[in-house]
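Chemist: One structure is given below, represented as structure tokens, and several questions about it will come after.
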Amino acid sequence: MKTLSISGSTGNSKILVGETFERIHDYLPANRVIIITDDNLARLYGSRFPVEEVITIGQGERVKTLETVSAIYDQLIACEADRSVFLVGIGGGIVCDITGFVASTYLRGVRFGYVATTLLAQVDASVGGKTGVNFKGYKNMVGVFNQPEFVVCDPQMLKTLPKRELSCGFAEVVKHAAIADADYFDFLERESSRAFSLEAGVMERVVYESVAIKASVVNQDEREKGERRKLNFGHTFGHAVEKTEGLPHGEAVSIGMMLAARLSESRKMLDRQSVERLARLLTAFQLPLKSRVDRHQIMDAMARDKKREGDVLHFVLLEKMGRAVVEEIPISELQIMMDSPD
Ligand SMILES: NC(=O)c1ccc[n+]([C@@H]2O[C@H](COP(=O)([O-])OP(=O)(O)OC[C@H]3O[C@@H](n4cnc5c(N)ncnc54)[C@H](O)[C@@H]3O)[C@@H](O)[C@H]2O)c1
Ligand SMILES: [Zn+2]
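Counting in the working numbering, the sequence shown runs from 2 upward without gaps.
Below, the structure written as structure tokens:
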């Protein structure tokens, strides 16, 4: 087991990589503890939960709303949870984001921690202190920054995760390596099949390295002014593909990373070989490389992207494998690249 610390403006967070779910007792305070989870995890892991008080929500982006938050407040009030309560979110990114938001707002804030059960939650959603919900169809519109006291990342729990969800988590893992650590990228290339079959030692290193990269970026720039933008590698194109094609986030990000890598190549920043390495690694994790929808539709969706400032987009490109830069790209240049045959 390895521990990583994040120091946020709202407090410090300990990420416990390779810790087992069974040992969660060691991290809970003597206070009253209430678990927040989704119905799927309650079914799979409920018998192993450390306490009996459990609030269960549904699954999917559609439940990530203020209505769900309100239903949780109702249950907390009904069972007379006071300011000394400690909330534990057990689940993927949705459960973590909602638990963090509820804990930050109920009675002006109570203590909380997470057990992150998807790869995406372990390497991304539970790290960095962003909490919140969707609002009127807009993703993560309402929320606050706040750090959980601990995050337990047990790689064994990923064994029950559907393969497609696992692939999506690996998209963020590949992203971390590509933007920040060439050695880690080499490691993923060598160990991709052992990682994808969730071999314990390999996965512990994967989660650790990824959390370390995200934690170091977040420690430098908690509120996304500069450095944190690098974590958006593949996401400008990715969000557009996600919207137009309705693909899961990780698959769309995979396609987005390929487009960003090709744009880096066309700007003479990245060599062809690195673009091919990225394609091979994403394929090893069963992630798609190309979108099936019309390129113009993607361009339209991207032009509406919130990070657009005037006629330029802030775009994360690769200088080389393991090093990202944020560049302002004119929309017209993107248009030319999207129009050219590959
Ligand atoms: N706060 C952040 O910084 C941040 C970063 C990235 C993503 N997110 C958010 O994370 C959310 C996506 O998270 P996600 O991909 O983890 O999805 P999710 O929470 O919806 O989980 C996906 C599915 O997997 C199931 N599941 C979870 N763990 C399981 C396990 N161990 N075994 C079997 N099934 C399991 C869940 O029940 C659910 O059906 C999005 O809402 C996104 O906005 C937040
Ligand atoms: Zn992402």
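All C-beta atoms, glycine included, are put in the ideal place defined by N, C-alpha and C.
Note that the coordinates shown come from a computational prediction; the quantities given were computed from them, not determined experimentally.
Quick one: residues in its chain with C-beta nearer than 6 Å to the C-beta of Phe171, no 5 flanking neighbours on either side, listed in chain order?
Modeler: Taking the sequence shown and counting its residues from 1, the one referred to as residue 171 is at position 170. Within the same chain, Phe171 has close Cβ partners Phe286.
Chemist: Could you work out which residue in Gly94, Pro289 and Gly144 is closest to Val152 when comparing CA atoms only?
Modeler: Counting from one through the sequence shown, the residue named residue 152 turns up at place 151. Nearest option by C-alpha distance: Gly94.
Chemist: What are the boundary residues of the beta strand (DSSP E) that includes Ala126?
Modeler: Residue 126 sits at position 125 when you count from the first residue of the sequence shown. Element bounds for Ala126: n/a, residue is neither H nor E.
Chemist: Could you compute how far the alpha carbon of Asp312 sits from the alpha carbon of Arg305?
Modeler: Taking the first residue of the sequence shown as position 1, residue 312 is located at position 311. Taking the first residue of the sequence shown as position 1, residue 305 is located at position 304. Cα to Cα, the separation comes out at about 11 Å.
Chemist: Tell me, to the nearest whole angstrom, how far the beta carbon of Leu17 is from that of Pro51; I am working on the premise that it is less than 8 Å.
Modeler: Taking the sequence shown and counting its residues from 1, one reaches residue 17 at position 16. Taking the sequence shown and counting its residues from 1, one reaches residue 51 at position 50. Beta-carbon to beta-carbon, Leu17 and Pro51 are separated by about 14 Å, too far to satisfy the 8 Å threshold.
Chemist: Tell me, please, whether the CB atom of Glu334 is closer than 9 Å to any CB atom in chain D?
Modeler: Looking for chain D here will not work: only one protein chain is present.
Chemist: Can we say the region 8-26 touches the region 152-165, given the rule of at least three CB pairs closer than 8 Å?
Modeler: yes
Chemist: May I ask you to report which of helix, strand or coil DSSP gives Ala82?
Modeler: On the sequence shown, position 81 is the one that residue 82 refers to. Coil at Ala82, not helix or strand.
Chemist: By how many angstroms is the C-alpha of Thr38 removed from the C-alpha of Ser71?
Modeler: Translated into the one-based positions of the sequence shown, residue 71 becomes position 70. Translated into the one-based positions of the sequence shown, residue 38 becomes position 37. Between Ser71 and Thr38, the C-alpha separation is close to 15 Å.
Chemist: Relative to the C-alpha of Cys97, which candidate in Glu266, Ala325, Ile36 and Ala196 has its C-alpha closest?
Modeler: Walking along the sequence shown from the start, residue 97 turns up at place 96. The candidate whose alpha carbon is nearest that of Cys97 is Ile36.
Chemist: Let me check one thing: in DSSP terms, what residues is Asp39 bridge-paired to?
Modeler: Within the sequence shown, the letter at position 38 stands for residue 39. Its beta-bridge partners are Ile58.
Chemist: To which residues does DSSP link Arg324 through a beta bridge?
Modeler: Stepping through the sequence shown from its first residue, residue 324 is reached at position 323. DSSP, once it has assigned bridges, lists Lys321 as partnering Arg324.
Chemist: Cβ of Met204 within 9 Å of Cβ of Leu271?
Modeler: Along the sequence shown, one-based indexing puts residue 204 at 203. Along the sequence shown, one-based indexing puts residue 271 at 270. Result no, Cβ atoms of Met204 and Leu271 do not sit closer than 9 Å.
Chemist: How close, in whole Å, do the beta carbons of Ile299 and Lys231 come, if the pair is a contact with beta carbons under 8 Å?
Modeler: Counted from its first residue, the sequence shown places residue 299 at position 298. Counted from its first residue, the sequence shown places residue 231 at position 230. With a Cβ gap of about 22 Å, Ile299 and Lys231 do not count as contacting.
Chemist: Rounded to whole angstroms, what is the Cα-Cα separation between His315 and Ala79?
Modeler: Mapped onto the sequence shown, residue 315 falls at position 314. Mapped onto the sequence shown, residue 79 falls at position 78. Rounded to whole angstroms, His315 to Ala79 spans 47 Å at the Cα level.
Chemist: Taking buried to mean at least 16 other C-beta atoms within 10 Å of its own C-beta, is Ala201 buried or exposed?
Modeler: The residue you call residue 201 lines up with position 200 of the sequence shown. That one is exposed.
Chemist: So the candidates are Asp187, Phe186, Val207 and Asp40; which of them puts its Cα closest to the Cα of Met2?
Modeler: To locate residue 2, count along the sequence shown from 1; it is residue 1. The shortest Cα separation from Met2 among Asp187, Phe186, Val207 and Asp40 belongs to Val207.
Chemist: Do Ala241 and Ala302 come within 9 Å of each other at the CB atom, strictly closer than that value?
Modeler: Numbered from 1 along the sequence shown, position 301 holds the residue referred to as residue 302. Numbered from 1 along the sequence shown, position 240 holds the residue referred to as residue 241. Against a cut-off of 9 Å, the Cβ pair of Ala241 and Ala302 comes out as a contact.
Chemist: Is the separation between the beta-carbon of Lys215 and that of Val124 shorter than 9 Å?
Modeler: Position 214 of the sequence shown, counting from 1, holds the residue named residue 215. Position 123 of the sequence shown, counting from 1, holds the residue named residue 124. A contact, by the Cβ cut-off of 9 Å.
Chemist: The beta strand (DSSP E) with Val143 in it runs from where to where?
Modeler: One-based indexing of the sequence shown puts residue 143 at position 142. Tyr139 to Phe146 is the span of the beta strand (DSSP E), which, as asked, contains Val143.
Chemist: Quick one: what's got a C-beta closer than 8 Å to Leu5's C-beta in the same chain, skipping five residues either side?
Modeler: In the sequence shown, residue 5 corresponds to position 4, counting from 1. The answer, listed in chain order, is Lys15, Ile16, Val18, Tyr209, Val212, Ala213 and Ala216.
Chemist: Beta strand (DSSP E) containing Ala117: first to last residue?
Modeler: Stepping through the sequence shown from its first residue, residue 117 is reached at position 116. Its beta strand (DSSP E) spans residues Arg112 to Ala117.
Chemist: Taking C-alpha atoms, which residue in Gly257, Ser265 and Glu266 lies nearest to Arg293?
Modeler: Taking the sequence shown and counting its residues from 1, one reaches residue 293 at position 292. Out of Gly257, Ser265 and Glu266, Gly257 has the C-alpha closest to the C-alpha of Arg293.
Chemist: What residues are listed by DSSP as bridge partners for Gly101?
Modeler: Numbered from its first residue, the sequence shown carries residue 101 at position 100. None; Gly101 has no bridge partner.
Chemist: I believe Ile91 touches Thr118 by the beta-carbon criterion, under 8 Å. Please report the beta-carbon distance rounded to the nearest angstrom.
Modeler: The residue labelled residue 91 in the question sits at position 90 within the sequence shown. The residue labelled residue 118 in the question sits at position 117 within the sequence shown. About 7 Å; that satisfies the 8 Å criterion.
Chemist: Going straight from the alpha carbon of Arg348 to that of Arg109, what length do you get?
Modeler: Look at the range of the chain in this structure, 2 to 343, and you will see that residue 348 is not part of it.
Chemist: Please list the terminal residues of the continuous alpha helix (DSSP H) segment that includes Phe50.
Modeler: Counted from its first residue, the sequence shown places residue 50 at position 49. No alpha helix (DSSP H) holds Phe50; DSSP gives it neither H nor E.
Chemist: Give me the DSSP bridge partner(s) of Ser217.
Modeler: Residue numbering aside, residue 217 sits at position 216 when the sequence shown is read from its first letter. Beta-bridge pairing links Ser217 to no other residue.
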